[in-house]
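Reading through the structure tokens given below for one structure.
So, in structure tokens, the structure goes:
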């Protein structure tokens, strides 16, 4: 069973005219390499894999704010659907973390991570 999707550098992608592109992006795009539907399908499969891997264990889902919220929401929707409609139900706790990065002289580095979660009392 395949566990990943490979998109090779030499692939030409899809003609952008095959998709609905917001006006403010039209001039900036040449081709589409990963269609939104493909991302949604892979996200649904990831949710299924997570549910299978976790078994009956309580799952803590952490969303990295701010950029990850949309993917996280889609992933959680699929997990909830599998939880409601599947053969088993697994408790899922949701929490959020914020990670800050800094750019200095064209180098990206991570400063001290400040997490808004009391790990020991909440998840021990």
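Numbering (full-length UniProt numbering), first residue to last: 1 to 124. Note that CB positions come from ideal geometry on N, CA and C, so glycine has one too.
Check                                                                                                 : Outcome
Stretch pair the segment 84–95 + the segment 43–62: three plus CB contacts closer than 8 Å            : yes
Three CB pairs or more closer than 8 Å across the segment 46–54 and the segment 21–36                 : no
For residue 42, the nearest candidate out of 74, 23, 97 and 67 (CA to CA)                             : 74
CA-to-CA distance, residue 71 to residue 85, given in whole angstroms                                 : 21 Å
Proximal residues to residue 14 (C-beta, below 7 Å), its chain only, five neighbours per side dropped : 31, 32 and 35
Length-filtered (4 minimum) alpha helix (DSSP H) runs lying within the segment 16–52                  : 23–26
Member of 78, 69, 38 and 61 whose CA lies at the smallest distance from the CA of residue 136         : Lying outside 1 to 124, the shown extent of the chain, residue 136 is not represented and no answer is given.
Distance between residue 69 and residue 23 (C-alpha atoms, nearest Å)                                 : 24 Å
Boundaries (first-last residue) of the alpha helix (DSSP H) holding residue 76                        : 69–85
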